[in-house]
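Some notes on the structure that comes next.
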Amino acid sequence: MVARVQVPQQVKRGELIEVRIAIQHVMETGFRYDDRGRAIPKNVINTLVARYNDTEIFRAELGSGIAANPFLQFYTVAEASGEIEFSWVDDAGEKGTEHAAISVVG
Amino acid sequence: MRGEGLTADSSYVRSLGLFIGVHRRLSAVSFLLLLMFAGGPAPAAEPQRPQPLKSGGEFSSSELRALQADDFGNPGMLWVVRGEKLWGEAAGRNGKSCAACHGDARQSMKGIATHYPKVDPGAARLVNLEGRVNLCRERHQGAEPLQYESEELLGLTAYVAHQSRGMPVDVTIDLQNRKNYERGRDFYYARRGQMNLSCSHCHDRNWGGRLLGETISQGHGNAYPIYRLEWQTAGSLHRRFRSCLFGVRAELLPGGSRELLDLELYLAWRAGGLTIETPGVRR
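Residue numbers (our numbering), protein chains in the order written: chain B, 1 to 106; chain G, 1001 to 1283.
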């Protein structure tokens, strides 16, 4: 599973920052059938959590209505230098993590 | 499927014969005129590039163009990142990665994709980027070839082609690839499938027009591999060819087949001067 996280590299303390994540995932809805007519089991990223220096700042529960390769974006306040770490799990039990470093000045 | 094409042709000839039977008094001149118009696009003269050349992106919505231009939002970049990782990973018996020979792709692969597909002298056949990756795996890495349309091959080709982004497609037709070019050109102008349409009918005569909800593009391959919303994934130019073949209800040729490679060469010639956009985003 490939994922990318984007945060501004250097920001001022207290500044509002945009955090973005894109994950490569099929997000199989469970409503489709294969060539032989068998149902393709649902497999979506069901939970995605973002932690900023170990404090949870964002949590999303995704479902079958989210397109493949989900792209999420949210805002947070830059308080301290450190890492924003994402972790997620899909219906097949596969887990993924990705992180980005952030440096806060002032 | 080839047989069906023949049946369609012969019934066409029969109905022509009937037509002649009924209108025996038609003058020879008008009959000739009729043949000229019924014959479809004639590839006799050297074909022309569409004027002005327009990349497929120009037929997309502004939102889609913005998505392609955003290097983070562009979902195709996920495949480029995947390719970048694979580039540095050792594979095969020889334990070599792509980087072991080619070094930093940002330098060594710059502009490479603009000259593909290309005749490989050793293999004495036309290869595209996919074929080149697999030849490298076979010759230098001692690895199994990657399956066409596999995530790995899409990643590597997207990564390599991405290094040429912004550079013009530049394929020259010479003695080595002339035959391939001619076969590709003939494929492009040949009617096929139950719909009895050639590529040219849509992409030369009717680009900019509508096909249900879609705007017909000029059919250039300069943004491939692309991320296509309909597929919900990245795909190669040959997958796109297969979509078109399916659309005209023709035989679905396998990705990497000789016919599709020749067509890719013809299209590369036809798109000469357009800049590479990999990874493109299309509907």
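No residue lacks a Cβ here, since even glycine has one placed at the ideal position from N, Cα and C.
Closer than 8 angstroms at the beta carbon, the chain G residues around residue i
i: Arg-4 of chain B; result: Phe-1072, Met-1077, Leu-1078 and Val-1081
i: Ala-22 of chain B; result: Phe-1072, Gly-1073, Pro-1075, Met-1077 and Leu-1078
Cross-chain neighbours of residue i in chain G, by beta carbon under 9 angstroms
i: Phe-31 of chain B; result: By Cβ distance, chain G contributes nothing, its closest Cβ being about 13 angstroms from Phe-31 of chain B, past 9 angstroms.
Beta-carbon neighbours of residue i, restricted to chain B and to distances below 8 angstroms
i: Thr-1233 of chain G; result: Val-26, Ala-68 and Asn-69
8 angstroms Cβ shell around residue i - same chain, five flanking residues per side excluded
i: Gly-1088 of chain G; result: Ser-1097, Cys-1098 and Ala-1099
i: Glu-1230 of chain G; result: Arg-1283
i: Gln-24 of chain B; result: Met-1, Val-2, Ala-3 and Asn-69
i: Ala-39 of chain B; result: Gly-30, Arg-32 and Tyr-33
i: Ala-103 of chain B; result: A small correction: the amino acid at residue 103 of chain B is Ser; Ala does not occupy that position in the sequence shown. Closer than 8 angstroms at the Cβ level, and outside the excluded window around Ser-103 of chain B, lie Gln-9, Gln-10, Val-11 and Ser-81.
i: Thr-1149 of chain G; result: The sequence shown places Glu at residue 1149 of chain G, rather than the Thr named in the question. Closer than 8 angstroms at the Cβ level, and outside the excluded window around Glu-1149 of chain G, lie Gly-1235, Ser-1236, His-1238, Arg-1239 and Gly-1255.
i: Ser-1030 of chain G; result: Interpretation of Ser-1030 of chain G is limited by its pLDDT of 48, a score under 50 that renders its predicted location unreliable; no figure is taken from the coordinates.
i: Leu-62 of chain B; result: Met-27, Val-44, Ile-45, Asn-46, Thr-47, Leu-48 and Pro-70
i: Leu-1197 of chain G; result: Arg-1191 and Val-1248
Delimiting residues of the alpha helix (DSSP H) encompassing residue i
i: Lys-1179 of chain G; result: 1178-1189
i: Asp-1262 of chain G; result: 1258-1270
i: Gln-1068 of chain G; result: 1062-1069
i: Leu-1171 of chain G; result: For clarity, residue 1171 of chain G is Val in the given sequence; the question names Leu instead. Counting along the chain, Val-1171 of chain G falls outside any alpha helix (DSSP H), and DSSP gives it neither H nor E.
i: Gly-1155 of chain G; result: 1151-1162
i: Gly-1083 of chain G; result: 1077-1087
i: Ser-87 of chain B; result: Segment 82-90 is the beta strand (DSSP E) holding Ser-87 of chain B; no alpha helix (DSSP H) there.
i: Ser-1200 of chain G; result: 1199-1203
Cut-off 7 angstroms between Cβ atoms - residues of its own chain near residue i, not counting five sequence neighbours on either side
i: Gly-1131 of chain G; result: Gly-1256
i: Leu-1274 of chain G; result: Leu-1053, Ser-1055, Pro-1168, Val-1169, His-1220 and Asn-1222
i: Met-1077 of chain G; result: Asp-1071 and Pro-1279
i: Leu-16 of chain B; result: Tyr-75 and Val-77
i: Tyr-1181 of chain G; result: Ile-1173, Leu-1265, Tyr-1266 and Trp-1269
i: Gly-1111 of chain G; result: Ser-1164 and Met-1167
i: Ala-1090 of chain G; result: Lys-1096 and Ser-1097
i: Pro-1145 of chain G; result: Asn-1134, Arg-1137 and Glu-1138
i: Leu-1067 of chain G; result: Gly-1073, Asn-1074 and Val-1281
i: Leu-1263 of chain G; result: Gly-1184, Phe-1187, Tyr-1188 and Phe-1241
i: Trp-961 of chain G; result: Since the first residue of chain G shown is 1001 and the last is 1283, residue 961 of chain G is not available in this structure.
i: Pro-1121 of chain G; result: none
i: Thr-1114 of chain G; result: Ser-1164, Met-1167, Pro-1168, Val-1169, Asp-1170 and Ile-1276
i: Gly-1142 of chain G; result: Gly-1092, Arg-1093 and Asn-1094
Own chain, CB closer than 6 angstroms to residue i, minus 5 neighbours either side, in chain order
i: Met-1195 of chain G; result: Val-1248 and Arg-1249
i: Arg-1025 of chain G; result: Here the model assigns Arg-1025 of chain G a pLDDT of 45, short of 50, so the residue's position is not dependable, and the following value carries that caveat. Correct list: empty, nothing qualifies.
i: Ala-100 of chain B; result: Val-5, Val-7 and Ile-84
i: Phe-71 of chain B; result: Ala-22
i: Ser-1061 of chain G; result: none
i: Phe-1019 of chain G; result: Only weak support is given to the placement of Phe-1019 of chain G: the predicted model assigns it a pLDDT of 43, under 50, and the value that follows is read from those uncertain coordinates. Once the five neighbours on either side are set aside, Phe-1019 of chain G has no close Cβ partner at all.
i: Arg-59 of chain B; result: Val-49
i: Glu-1084 of chain G; result: Tyr-1159
i: Tyr-1116 of chain G; result: Asn-1128 and Leu-1129
i: Ile-57 of chain B; result: Ala-50 and Thr-76
i: His-1102 of chain G; result: Ser-1108
Unbroken beta strand (DSSP E) run spanning residue i, endpoints
i: Asp-1140 of chain G; result: Just to set this straight, residue 1140 of chain G is His in the shown sequence, not Asp. Counting along the chain, His-1140 of chain G falls outside any beta strand (DSSP E), and DSSP gives it neither H nor E.
i: Gln-1218 of chain G; result: Careful: Gln-1218 of chain G lies outside any beta strand (DSSP E) and carries neither H nor E.
i: Leu-72 of chain B; result: 71-77
i: Thr-1233 of chain G; result: 1233-1235
i: Glu-61 of chain B; result: 55-61
i: Ser-103 of chain B; result: 95-105
i: Arg-13 of chain B; result: Taken as a continuous stretch (DSSP letters only), Arg-13 of chain B belongs to no beta strand (DSSP E), as it is neither H nor E.
i: Ala-108 of chain B; result: Shown here, chain B extends from 1 to 106; a query on residue 108 of chain B therefore has no answer.
i: Gly-1280 of chain G; result: 1280-1282
i: Ile-1276 of chain G; result: Run containing Ile-1276 of chain G: none; DSSP gives neither H nor E here.
i: Arg-1228 of chain G; result: 1226-1228
beta-carbon residue i near the ligand FAD non-hydrogen atom, thresh 7 angstroms
i: His-1102 of chain G; result: The ligand FAD is not part of this structure, which contains no ligands at all.
At a CB distance below 8 angstroms, what residues from the stretch 74-104 of chain B approach chain G? Give them in sequence order. Going along the stretch 74-104 of chain B in chain order, one finds no residue with a Cβ nearer than 8 angstroms to chain G.
Any chance you could list the beta strand (DSSP E) runs of at least 3 consecutive residues sitting entirely within the stretch 1089-1127 of chain G, in chain order? 1118-1120 and 1125-1127
What alpha helix (DSSP H) runs, 4 residues minimum, are completely inside the stretch 21-54 of chain B? none
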